[in-house]
Amino acid sequence: MLTPNSCGARRSRHQDVSNCICQSVNFKEPEAVRALTCTLLKEDFGLTIEIPLERLIPTVPLRLNYIHWVEDLIDGQKQPRRGIDIGTGASCIYPLLGATMNGWYFLATEVDDICFDYATKNVDQNNLSDLIKVVKVPQKTLLMDALKEETEIIYDFCMCNPPFFANQLEAKGVNSRNSRRPPPSSVNTGGVTEIMAEGGELEFVKRIIHDSLQLKKRLRWYSCMLGKKCSLAPLKEELRKQGVPKVTHTEFCQGRTMRWALAWSFYDDVIVPFLHVWPCTMDYPTCLHAHGGLAQCMCMGAH
17 MLTPNSCGAR RSRHQDVSNC ICQSVNFKEP EAVRALTCTL LKEDFGLTIE
67 IPLERLIPTV PLRLNYIHWV EDLIDGQKQP RRGIDIGTGA SCIYPLLGAT
117 MNGWYFLATE VDDICFDYAT KNVDQNNLSD LIKVVKVPQK TLLMDALKEE
167 TEIIYDFCMC NPPFFANQLE AKGVNSRNSR RPPPSSVNTG GVTEIMAEGG
217 ELEFVKRIIH DSLQLKKRLR WYSCMLGKKC SLAPLKEELR KQGVPKVTHT
267 EFCQGRTMRW ALAWSFYDDV IVPFLHVWPC TMDYPTCLHA HGGLAQCMCM
317 GAH
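When you line the sequence shown up against the numbering used here, it's residues 17 to 319, in that order.
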């Protein structure tokens with residue numbers, strides 16, 4: 017929960033977030049989540065973005081967790097570093113953060129027309145078109161088709177936040193949640209292509225694995241973020257059966273939200289980072305340090 021002490025200054029500077037946040041953030045209100053996300057990106061990273069309410073509204077701390085893990089995966093590699101974001105979404109948040117924080121180059125793919133238009137606009141209005149290329153790809157395109165015109169480039173990594181659900185019932189939690197598990201604390205926004213795919217995230221990531229078996233050393237690291245812990249074991253088993261030499265995973269803990277990430281490589285010289293949970297848990301500070309920022313504080317343990 018955000019407290020008045022931790023975000024009051026930002027409320028005073030941003031009318032949109034002030035209208036949605038009084039004593040705390042209601043994560044079930046899309047307008048509040050969008051206002052918070054846009055404010056964090058503006059205040060802590062100087063990024064100005066627009067996100068439609070009918071598309072996925074990302075939470076900044078969880079995306080930072082993933083970015084920081086990728087930093088660990090590619091640590092020590094020569095510059096410049098190049099990545100692929102599979103299904104970048106309307107916010108284009110991973111490329112925007114990676115380019116702003118680390119100067120990474122990104123190929124960002126998107127199948128949805130609305131998401132593509134917003135992502136392109138968000139890149140342009142932040143003057144990052146030299147680092148980020150947003151491309152519209154056909155439905156069900158993952159890596160193979162996206163790279164057919166990039167034959168000479170070796171990418172350092174790919175990132176993906178795959179659709180979690182296989183159908184509408186699962187998306188609504190009718191048949192996918194343990195009866196002892198508490199209800200979700202945040203709203204589930206997103207277009208159909210963002211939250212649902214045939215076979216859910218398990219089959220979606222298996223398709224990425226299939227592409228990686230053909231592309232192999234075109235990318236140094238392949239990675240995906242998972243919404244279900246039960247997806248991790250069968251995906252690791254699939255990689256084992258396919259003889260992939262380097263496989264690692266981690267956990268992202270953000271308040272009550274847990275995510276898991278999986279990465280694999282066909283390179284013998286990559287260094288596999290130790291497994292650890294992102295992040296440790298701590299309370300909000302009563303004031304923000306000049307070098308930190310609210311998003312970084314949230315990244316250390318709040319919702």
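Even glycine gets a Cβ: it sits at the ideal position worked out from N, Cα and C.
Quantities reported herein were computed from a predicted structural model and do not represent experimental measurements.
The C-beta of N143 has fewer than 16 other C-beta atoms within 10 Å across all chains shown, which makes the residue exposed.
Looking at the backbone, the Cα of V286 and that of P261 are separated by about 10 Å.
The C-beta of P96 has fewer than 16 other C-beta atoms within 10 Å across all chains shown, which makes the residue exposed. Contact between the region 265–272 and the region 74–89 is present: 3 or more CB-CB pairs across the two stretches fall below 8 Å. For E217, DSSP assigns no beta-bridge partner whatsoever.
Scanning its chain for C-beta atoms nearer than 6 Å, with the 5 sequence neighbours on each side dropped, one finds around K149 the residues L123, in chain order.
For A249, the enclosing alpha helix (DSSP H) begins and ends at L248 to K257. Taken through DSSP and simplified to helix, strand or coil, E166 comes out as coil. Comparing alpha carbon positions, the residue from V151, I109, W120 and P111 closest to E126 is V151. The C-alpha of D133 lies about 31 Å from the C-alpha of K233. In this structure, DSSP gives Q155 a state outside helix and strand, which the three-state scheme calls coil. For the pair G114 and I83, the CB atoms are nearer than the 8 Å cut-off. Partner residues in the beta bridge of F173, as assigned by DSSP, are G99 and W237. Looking at the backbone, the Cα of R272 and that of E168 are separated by about 43 Å. By the C-beta density criterion, D129 is exposed, having fewer than 16 other C-beta atoms within 10 angstroms. With a cutoff of 8 Å on beta-carbon distance, R223 and L278 are scored as not near each other.
Our two residues, G99 and L163, have alpha carbons roughly 12 Å apart in a direct line.
Taking a 10 Å sphere around the C-beta of I102, we find 16 or more other C-beta atoms and assign the residue as buried. The Cβ atoms of P250 and L218 lie closer than 8 Å to each other.
A distance below 8 Å between beta-carbons, with the five flanking residues on each side excluded, links P68 to the following residues of its chain, in chain order: A106, I130 and Y134.
For Y283, there is no enclosing beta strand (DSSP E), since its DSSP letter is neither H nor E. Residue pairing for A124: DSSP places it in a beta bridge opposite D101 and V150. The criterion of a C-beta distance shorter than 8 Å is satisfied by L235 and C174. When DSSP states are grouped into helix, strand and coil, M117 belongs to the helix group.
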